[in-house]
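Accompanying notes for the structure given below.
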Amino acid sequence: MPRNILLLSLATLASAQYNAFQWKFGNNFIGVQFTECQSLPIVVQAPPTNASSIGVPPYYLTAFELGGVPTTTNLGSDLSNLTWKNTHKRGSTLMLTMVDSNATTAFTSNTGGVSPTLYTVTAGSDASCLTTPASTSQLAVVHSNVTGTLTTCEPWGLTIVGGTKPYTVVLAALNSPITTNVTMAAPDDVFTYPNRADPGGQIMGEPPPAQRPHSTADAARAPPASVADATGAWGVSTTVVHTAGSADTNCTGLVSTSQTQQQIQQEAAARTQAAAA
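For reference, each letter of the sequence shown is one residue, going -16 to -1, 1 to 261 in mature numbering (1 follows the signal peptide of the UniProt record, and there is no 0).
Written out as structure tokens, the structure is:
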């Protein structure tokens, strides 16, 4: 399986994720900007709830680019020498997350959580490392039915076009201990998620590769949406959506669904016909 992917192709809807470690930038880096091709040290440490847990090396960092294509970097296994290089161009906005080697199993994955903030990329003196993703015409692209504010329990519709089915949708929220990966049925191209993200946050949607770690299908944090197709290629993400509304994110009775655009159109037509009867 290619290591440039962070998604696992699952037979089930989603798999469990375990917050096995924590991570941060080294050298007391507290900024919110990177330059092109800047290298930053990564520190892995045990979470407060389990002083002996640091995950299972090697570690992988995925940079979700809002409105762009994610990248995944193998950071290696040497805890004293973990380094990540930013390969995204100036003007990009990134959400970062880390996992360990167990992220390659379908039923459990150890995660270090999602960054608490978004990072922006500025011009650098060296641009030789910048990635050149395939033309977006060849990639899966996620389109969101909401571009401004998403209220608690409001259906978040993500329509995916391009790429190769089946798709895997990835939802990630700032400062969340986990991400949510959902593999859709082979013919489906619309994923609907009842927003269980905490109000006052930001979520992003994107098409990631169909091979990577997951959490429960309805994680209780506001996630971004990403997408990957059956070939394992990352797709183009959505931009962030702001969350608002009630703090009660249980959304009792509401479930995530995976459908085709044709099914949704037929259901809408049936509702219209019933209302007119």
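By construction, the Cβ of each residue, glycine as well, lies at the ideal position given by its N, Cα and C atoms.
Could you spell out where the beta strand (DSSP E) holding Ala156 opens and where it closes? Thr152 to Ala157
Could you tell me the distance, in whole angstroms, from the CA atom of Val126 to the CA atom of Pro100? 23 Å
Mind checking Val105: buried by the 16 CB within 10 Å criterion, or exposed? buried
Would you kindly work out how many angstroms separate the C-alpha atoms of Leu24 and Thr152, rounded to a whole number? 30 Å
Go to Glu251, then tell me how far its alpha helix (DSSP H) extends in each direction, as first and last residue. Per DSSP, Glu251 belongs to the alpha helix (DSSP H) from Gln245 to Ala260.
How is the beta strand (DSSP E) around Leu134 delimited, first residue to last? Residues Thr133 to Thr135.
When you compare only the Cα positions, how much space is there between Asn179 and Asn70? 31 Å
Would you mind sorting Val16 into buried or exposed? The rule is 16 or more other CB atoms within 10 Å of its CB. exposed
What are the boundary residues of the beta strand (DSSP E) that includes Thr227? Looking at the DSSP string, the run of the beta strand (DSSP E) that includes Thr227 is Val224 to Ala228.
Under three-state DSSP, which class holds Ala204? Residue placement at Ala204 cannot be trusted, given a pLDDT of 29 that sits under 50; what the coordinates show is reported in the next sentence. Coil at Ala204, not helix or strand.
Buried or exposed for Ala181, please, with buried defined as at least 16 other CB atoms from any protein chain shown within 10 angstroms of its CB. buried
What runs of the beta strand (DSSP E), each 3 residues or longer, lie entirely inside the region 24 to 55? 43 to 49, all fully within the region 24 to 55.
How is Asn165 classed by DSSP in three states: helix, strand or coil? strand
Whole-angstrom distance between Gly52 and Ser37, CA atom to CA atom: 33 Å
Compare the C-alpha of Thr95 against each of Thr46, Ala258, Thr167 and Ser221 and name the closest. Thr46
Could you give the distance in angstroms between the alpha-carbon of Leu142 and the alpha-carbon of Ala30? 35 Å
On a Cα-Cα basis, can you pick out the residue from Pro139, Pro41, Leu123 and Gly75 that is closest to Asn65? With respect to the C-alpha of Asn65, the residue from Pro139, Pro41, Leu123 and Gly75 having the closest C-alpha is Pro41.
Excluding sequence positions up to five away, which residues of its chain have a Cβ less than 8 Å from the Cβ of Asp110? Glu20 and Cys21
Note down the Cα distance separating Ile162 from Thr55, rounded to an integer number of angstroms. 18 Å
Near the ligand SAH: Asn86 beta-carbon under 7 Å from a heavy atom: This structure lacks the ligand SAH; in fact it carries no ligand of any kind.
Through-space distance from Ala252 to Leu155, alpha-carbon basis: 26 Å
With DSSP as the reference, please indicate the residues paired to Ile144 in a beta bridge. Beta-bridge partners assigned by DSSP to Ile144: Val126.
If you compare alpha carbons, which of Val166, Asn234 and Asp172 is closest to Ala209? Val166
C-beta atoms of Asp84 and Phe9 nearer than 8 Å: no
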